[in-house]
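J.: I have a structure here, written as C-alpha cells, and I will follow up with some questions on it.
Residue numbers (my numbering): 206 to 572.
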C-alpha cells in the first residue's frame, strides 16, 4: 500500500435503487477510513440528496415496475445492455436530475470520485468531458456489466471478475484502466462469530436456522414460498428480513401464521453479518452485494425470483461456479430443508465457499 503524505478527500456517489449500491459505497468508505486517518470520505445517494422529495417517488415507481411488470424492466435492461450512455443520455440525466452536482463537488473538493451506480457515473463522465479534472473510479457492483457502466471518461474500473475484464477489453477499454478487485463488502463481514454465541445474543435457539432475505426493499412477495416455509416452523428456526418494506413486515407481525417462537420477522437491520453467522442456510434474491456477503461468510445460498437483468446474471455466475443453487420448485426447497434438518449443514461444493476469493480487499487500489 502506498504511503499517504497528505489528506485525501474521496467522494463516493451512489443511488437509491435498492440498497446494494449504497451498501457497497459505505463498505468502501469504512475500509478506507480504517486504513488511514488522512483519508476523508463522503457517501452520497446523489439523486436523493439533490431531490429529497422527488427521488422517493421515482424509486417507488422503479420498485413497483420490478414487482408488477418485471418483463418491462427486462426489455429496457437488455435493449441498452451493450451500449454506453451517449452524450444525449448523459446530458438529460445531468440537466433533469443532477443539475447541482458540480456545486456539490466544489463543496467537498474531492481528490477522487468513486461511483457505485451507473447514473451518477454517467453524470460525472459528462462533467469530465466538459472540463472536470478529478479522477473517476467506477465500482461495478454486480457479477456482470451493463453498458450503462461504461464511459470513455472513466479513469479506473474496479470490477469483481476476470470475465468482466474480458468484456471491457472487448469494448476497447484499455487493460491499464481495469482492476479486478472484487465487490466491496463492509469489513465486519470478514469477521466470523461463533454460531452458538451469536444465537444467544439474538435470543435464538441452537437449532437448524434459515435466513430469508428479500433485498433492501423487502421484495419477498412469494406467498407460496412463505407458506411452505412456515410449515417447517417446528423443525427449523426461520429469520425473515424484510428490509425497508415496513408495510409487509407489519402485516406479518399481525398475521397468526407468523406468531411462533421459531419465526423471527425483522425490518431493516444493520446486523446482517451476525445473522449470517447465526444461520445455516440463506434464501435470498441474488443482488450483487448480498451474494458477496454470503460468499465471504461461507454461507450456502439458495437464490429465488431474480430480477430480470442484473440479478439473473448474478445468479448465473454463481451457478456456473457452483457457489449457490437456484430454487425452481417447492420440491427442490423441500430437498434442501430436509438436508438442513438432517445434517444441520448444507454444502453445495466439495470445497468451502470461503476458498473462492471473488471478493477481495479493494482498498489498496484506492490509497
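Positions of the beta carbon are idealized from the N, C-alpha and C atoms, including for glycine.
No experiment lies behind these values; they were computed from the predicted model shown.
1) Tell me which same chain residues have a C-beta within less than 7 Å of the C-beta of residue 226, skipping the five on either side of it?
2) State the DSSP-derived secondary structure class of residue 442, mapped to helix, strand or coil.
3) Going by C-alpha to C-alpha distance, which of 303, 223, 239 and 329 sits closest to residue 216?
4) For a quick check, are the C-beta atoms of residue 316 and residue 214 less than 7 Å apart?
5) Count the other CB atoms within 10 Å of the CB of residue 223; is the residue buried (16 or more) or exposed (fewer)?
6) Quick one: grab the DSSP three-state call for residue 609.
7) Measuring only the C-alpha atoms, how far is residue 498 from residue 394?
8) From what residue to what residue does the alpha helix (DSSP H) around residue 486 run?
9) Buried or exposed: where does residue 519 fall if 16 or more other Cβ atoms within 10 Å of its Cβ makes it buried?
10) So, is residue 375 buried or exposed, given that buried needs 16 or more other C-beta atoms within 10 angstroms?
11) Looking at C-beta atoms only, is the number of pairs between the stretch 403 to 422 and the stretch 480 to 498 that lie closer than 8 Å three or more?
12) Distance, Cα to Cα, residue 238 vs residue 312?
13) Rounded to a whole number of angstroms, what is the C-alpha to C-alpha distance between residue 537 and residue 412?
14) Please state whether DSSP places residue 216 in a helix, a strand or coil.
15) Could you check what DSSP says for residue 417 in three-state terms: helix, strand or coil?
16) Can you check DSSP and say which residues form a bridge with residue 363?
17) Do you know whose CA, among 419, 523 and 430, lies nearest residue 474's CA?
18) Cα-Cα, which of 496, 465, 507 and 472 is closest to residue 452?
19) Taking its Cβ as the centre, do 16 or more other Cβ atoms sit within 10 Å of residue 338, making it buried, or is it exposed?
20) Just to confirm the assignment, what range does the alpha helix (DSSP H) spanning residue 233 have?
21) What's the gap between the Cα of residue 492 and the Cα of residue 516?
T.: This is what the structure holds:
1) If you number the chain shown from 1, residue 226 lands on position 21. Only 219, 220, 321, 322 and 346 meet the Cβ criterion.
2) What you label residue 442 is simply residue 237 of the chain shown in a count that begins at 1. Of the three classes helix, strand and coil, the one that applies to residue 442 here is strand, per DSSP.
3) Position 11 of the chain shown, counted from the start, is the residue given in the question as residue 216. Cα-wise, what sits closest to residue 216 is 329.
4) On the chain shown, position 111 is the one that residue 316 refers to. On the chain shown, position 9 is the one that residue 214 refers to. If you check the CB distance, residue 316 and residue 214 come in under 7 Å.
5) As a working mapping, residue 223 is identified with position 18 in the chain shown. Looking at its Cβ environment, which holds 16 or more other Cβ atoms inside 10 Å, residue 223 is buried.
6) The question about residue 609 has no answer here: the residues shown for the chain are numbered 206 through 572.
7) What you label residue 498 is simply residue 293 of the chain shown in a count that begins at 1. What you label residue 394 is simply residue 189 of the chain shown in a count that begins at 1. Their backbone Cα atoms lie some 7 Å apart in a straight line.
8) By 1-based counting over the chain shown, the position of residue 486 is 281. Segment 486 to 489 is the beta strand (DSSP E) holding residue 486; no alpha helix (DSSP H) there.
9) By one-based count along the chain shown, residue 519 stands at place 314. Residue 519 comes out buried.
10) Position 170 of the chain shown holds residue 375. With fewer than 16 other Cβ atoms from the protein chains shown falling within 10 Å of its own Cβ, residue 375 counts as exposed.
11) yes
12) Here the question's residue 238 lines up with position 33 in the chain shown. Here the question's residue 312 lines up with position 107 in the chain shown. C-alpha separation (whole angstroms): 20 Å.
13) One-based indexing of the chain shown puts residue 537 at position 332. One-based indexing of the chain shown puts residue 412 at position 207. C-alpha separation (whole angstroms): 22 Å.
14) Position 11 of the chain shown, counting from 1, holds the residue named residue 216. Strand, per DSSP.
15) The sequence position of residue 417 within the chain shown is 212, counting from 1. Strand at residue 417.
16) Counting from one through the chain shown, the residue named residue 363 turns up at place 158. According to DSSP, which records beta bridges pairwise, residue 363 is partnered with 344 and 384.
17) Taking the first residue of the chain shown as 1, we reach residue 474 at position 269. Considering only alpha carbons, the answer is 419.
18) The sequence position of residue 452 within the chain shown is 247, counting from 1. Closest by alpha carbon: 472.
19) Within the chain shown, residue 338 is the residue found at index 133, counting from 1. Per the 10 Å Cβ criterion, exposed.
20) Stepping through the chain shown from its first residue, residue 233 is reached at position 28. Note, residue 233: alpha helix (DSSP H), 225 to 240.
21) Reading the chain shown from its first residue, position 287 is the one you call residue 492. Reading the chain shown from its first residue, position 311 is the one you call residue 516. Approximately 6 Å, taken between the alpha carbons.
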